[in-house]
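Protein chains in written order, with our numbering: chain A, 1 to 278; chain B, 1001 to 1345. By construction, the Cβ of each residue, glycine as well, lies at the ideal position given by its N, Cα and C atoms.
Shown next, in the form of structure tokens:
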């Protein structure tokens, strides 16, 4: 027995710092992330699952969720195409003003979303630089679903680009060169060689863009008109319900969005390895 | 080489254009546009319940009975100044129900309202309600009147006068109430005392939400000791029973009067008769009774106000006329006193 004690003391690899630091991390995340999320779930379901379900299936709530999904989808499609194109141009060609372009693409990250919203209004609104010439022809972009897409495009502009560009930069050119030497055209090379190696970056760029667009609030509230059942997206619906004091209805939709982003980031996390192989 | 890249760009553009076309077809159908005539109403924050629960369904039923067609309403509710700015930016509203006449004037100046709303019944005012103070149950801070809100240690929630009409009514209420009380005590209204009270009260404001409704939600979540708001907000809060509150009726307080205007620029010729009918409907006894049921006060049928037992009796009430109407009240009190001498201090 006496020989056991020294061995136990000597357990190799049992590092006190390990459980302590993990515990510390979880403890720190408690008030910052876990508890705020938990309170959304708590207040969303406090009235029972029946009223939670009723809040979710209210026509205006369903509409708001659909509208958010569709507008975010198209903003994502646009920004992934754009991000791919921009990353290609900016990593393949060196030209005067290239760095200025890179910085400009990244700008929407730091611009307050409210500024993005009224910038769009000042451009497309009835007094806007472009809007004032379109309004007499009955063309109105602001206060429609199109305005929400425009706002989403602006706000999520740098995300897909930011994920795709570094992959382009570090990509080995030898495969593309090999492809070219066996007679592939530029487009064939891009389609069969470059694009497959960007698969992972495109998917994670798209998911990031989509997740960010679904949650967009600050610019949407300015450009959409916030009409329930017509131009009210899910985050605006949540805000409206909260302001009306219908905290359960607000939280029901908030829960959906929270679960949704959990799903997206889980896919991002687990799919990354699978997509990057090959 | 340049040519090939260019082709790629053109392909991308064409496919994007195709996708953009698809976009329109994929969007969900707006709820109210599934058949029938659609009217868009922008209302200031506290109009929601009375419009959605009583006025819209009753008017739609009446119209269907008389004309046989369906009428649907779509609405958005926010602070009065906020919805006014949205309409000025081009939101396609047919009708706006505003908290303050100043906003109706702004819409007129912007060319959005061309008809004279003063020609509508009751000079375009649809209903009214007095301003009161809400405190926590038991009134732990001992608040009896506006001046008590300036006592040290009182945490007050007050909507933001920049975006909320109710906030401007509240400022006018505090200021006017002190003028009237000083006049009663000394025979002369005392602007210096009124200014001092307003300053003291404003010093205790801990949060300025965007609308009266947002302010109420904040108060409801347990924040602050007191809230100045429309009487009906206090009664609605008591109805919901989520947060126990008490309504304190100041000795002298202002009655806010809310105008409805037609956004003439946006109303199509086809919709004109129904919009006009709706505006007329708001002043009928039926609509006024509905407003009273939702704790507003009727503007034209004083006897209806007796039907709602819970509407408070006010010792000394005054209206915007005390300041000479909105064209004088806004520059003199909201800007001259509040913005220049209270907020900038």
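Cβ-Cβ distance between residue i and residue j below 8 Å
{"i": "residue 1231(B)", "j": "residue 1135(B)", "result": "no"}
{"i": "residue 154(A)", "j": "residue 88(A)", "result": "no"}
{"i": "residue 229(A)", "j": "residue 63(A)", "result": "yes"}
{"i": "residue 43(A)", "j": "residue 187(A)", "result": "no"}
{"i": "residue 980(B)", "j": "residue 1087(B)", "result": "What is shown of chain B runs 1001 to 1345, which leaves residue 980(B) out entirely."}
{"i": "residue 182(A)", "j": "residue 40(A)", "result": "no"}
{"i": "residue 221(A)", "j": "residue 65(A)", "result": "no"}
{"i": "residue 213(A)", "j": "residue 75(A)", "result": "yes"}
{"i": "residue 1299(B)", "j": "residue 1126(B)", "result": "yes"}
{"i": "residue 198(A)", "j": "residue 150(A)", "result": "no"}
{"i": "residue 1196(B)", "j": "residue 1209(B)", "result": "no"}
{"i": "residue 1236(B)", "j": "residue 1295(B)", "result": "yes"}
{"i": "residue 233(A)", "j": "residue 224(A)", "result": "yes"}
{"i": "residue 1178(B)", "j": "residue 1147(B)", "result": "yes"}
{"i": "residue 1175(B)", "j": "residue 1192(B)", "result": "no"}
{"i": "residue 1128(B)", "j": "residue 1297(B)", "result": "yes"}
{"i": "residue 1105(B)", "j": "residue 1267(B)", "result": "no"}
{"i": "residue 1100(B)", "j": "residue 1165(B)", "result": "yes"}
{"i": "residue 59(A)", "j": "residue 1031(B)", "result": "yes"}
{"i": "residue 1252(B)", "j": "residue 1181(B)", "result": "yes"}
{"i": "residue 1050(B)", "j": "residue 1290(B)", "result": "yes"}
{"i": "residue 143(A)", "j": "residue 71(A)", "result": "no"}
{"i": "residue 159(A)", "j": "residue 205(A)", "result": "yes"}
{"i": "residue 161(A)", "j": "residue 100(A)", "result": "no"}
First through last residue of the alpha helix (DSSP H) which encompasses residue i
{"i": "residue 947(B)", "result": "Since the displayed chain B opens at 1001 and closes at 1345, residue 947(B) lies outside it and no answer follows."}
{"i": "residue 153(A)", "result": "145-155"}
Residue from the options with nearest C-alpha to residue i
{"i": "residue 1071(B)", "options": "1050(B), 1041(B) and 1078(B)", "result": "1041(B)"}
{"i": "residue 1250(B)", "options": "1171(B), 1180(B), 1132(B) and 1195(B)", "result": "1132(B)"}
{"i": "residue 1282(B)", "options": "1174(B), 1062(B) and 1143(B)", "result": "1062(B)"}
{"i": "residue 208(A)", "options": "121(A), 83(A) and 191(A)", "result": "83(A)"}
{"i": "residue 1085(B)", "options": "1118(B), 1129(B), 1162(B) and 1039(B)", "result": "1162(B)"}
{"i": "residue 216(A)", "options": "136(A), 148(A) and 30(A)", "result": "148(A)"}
{"i": "residue 1108(B)", "options": "1322(B), 1260(B) and 1196(B)", "result": "1260(B)"}
{"i": "residue 47(A)", "options": "1242(B), 1324(B) and 1089(B)", "result": "1242(B)"}
{"i": "residue 1216(B)", "options": "1035(B), 1045(B) and 1031(B)", "result": "1045(B)"}
{"i": "residue 1207(B)", "options": "1280(B), 1155(B) and 1326(B)", "result": "1155(B)"}
{"i": "residue 1112(B)", "options": "1124(B), 1240(B), 1091(B) and 1274(B)", "result": "1091(B)"}
{"i": "residue 136(A)", "options": "145(A), 146(A), 144(A) and 124(A)", "result": "124(A)"}
{"i": "residue 1256(B)", "options": "1277(B), 1279(B) and 1229(B)", "result": "1229(B)"}
{"i": "residue 1153(B)", "options": "1142(B), 1160(B), 1198(B) and 1204(B)", "result": "1204(B)"}
{"i": "residue 122(A)", "options": "97(A), 141(A), 269(A) and 61(A)", "result": "141(A)"}
DSSP three-state assignment for residue i, whether helix, strand or coil
{"i": "residue 1112(B)", "result": "coil"}
{"i": "residue 227(A)", "result": "coil"}
{"i": "residue 1230(B)", "result": "strand"}
{"i": "residue 1007(B)", "result": "In this prediction, residue 1007(B) scores a pLDDT of 49, lower than 50, which makes its location untrustworthy; the coordinate-derived value is nonetheless stated afterwards. In this structure, residue 1007(B) counts as helix in the three-state DSSP scheme."}
{"i": "residue 80(A)", "result": "helix"}
{"i": "residue 1151(B)", "result": "coil"}
{"i": "residue 255(A)", "result": "helix"}
{"i": "residue 1073(B)", "result": "strand"}
{"i": "residue 70(A)", "result": "helix"}
{"i": "residue 220(A)", "result": "helix"}
{"i": "residue 1(A)", "result": "Confidence at residue 1(A) is low in this model, with a pLDDT of 45, below 50, so the placement of that residue is unreliable and no value is reported for it."}
{"i": "residue 87(A)", "result": "helix"}
{"i": "residue 1315(B)", "result": "coil"}
{"i": "residue 1144(B)", "result": "coil"}
{"i": "residue 112(A)", "result": "coil"}
{"i": "residue 957(B)", "result": "The first residue shown for chain B is 1001 and the last is 1345, placing residue 957(B) beyond what the model contains."}
{"i": "residue 1284(B)", "result": "coil"}
{"i": "residue 1329(B)", "result": "helix"}
{"i": "residue 1310(B)", "result": "coil"}
{"i": "residue 1024(B)", "result": "Note that residue 1024(B) has pLDDT 47, beneath the 50 cutoff, so the model's placement of it is unreliable and no number is given."}
{"i": "residue 22(A)", "result": "helix"}
Residue range of the beta strand (DSSP E) that includes residue i
{"i": "residue 1323(B)", "result": "Premise fails: residue 1323(B) is in no beta strand (DSSP E) and is neither H nor E."}
{"i": "residue 1199(B)", "result": "Run containing residue 1199(B): none in the beta strand (DSSP E); it sits in the alpha helix (DSSP H), 1191-1203."}
{"i": "residue 1342(B)", "result": "Neither: residue 1342(B) is in no beta strand (DSSP E) and is coded neither H nor E."}
{"i": "residue 1259(B)", "result": "1252-1262"}
{"i": "residue 1136(B)", "result": "1125-1136"}
With 9 Å as the limit, tell me which residues of the stretch 1219-1242 of chain B have their beta carbon closer than that to any beta carbon of chain A; keep them in chain order. 1220, 1221, 1236, 1237, 1240 and 1242
Counting only Cβ-Cβ distances shorter than 8 Å, please list the residues of the stretch 170-200 of chain A near chain B, keeping chain order. 185, 186, 187 and 190
May I ask you to list, following chain order, the residues of the stretch 201-218 of chain A that have a beta carbon less than 7 Å from some beta carbon of chain B? none
Listed from N- to C-terminal order along the chain, which residues in the stretch 1052-1067 of chain B have their beta-carbon within a distance smaller than 7 Å of any beta-carbon of chain A? Correct list: empty, as no residue qualifies.
In the stretch 1084-1101 of chain B, which residues sit with their C-beta less than 8 Å from some C-beta in chain A, listed in chain order? Within the stretch 1084-1101 of chain B, the qualifying residues are 1086, 1089, 1090, 1091 and 1092.
Mind listing which residues of the stretch 115-133 of chain A have their C-beta closer than 7 Å to chain B's C-betas, in chain order? 121, 125 and 126
Compile a chain-ordered list of the residues in the stretch 50-62 of chain A whose CB is closer than 7 Å to at least one CB of chain B. Hits within the stretch, in order: 59 and 60.
Given a limit of 7 Å on CB to CB distance, which residues of the stretch 68-86 of chain A reach chain B? Within the stretch 68-86 of chain A, those residues whose Cβ lies closer than 7 Å to any Cβ of chain B are, in chain order, 70, 74, 77, 78, 81 and 85.
Scan the stretch 1131-1164 of chain B for residues whose Cβ lies nearer than 7 Å to a Cβ of chain A and list them as they occur along the chain. none
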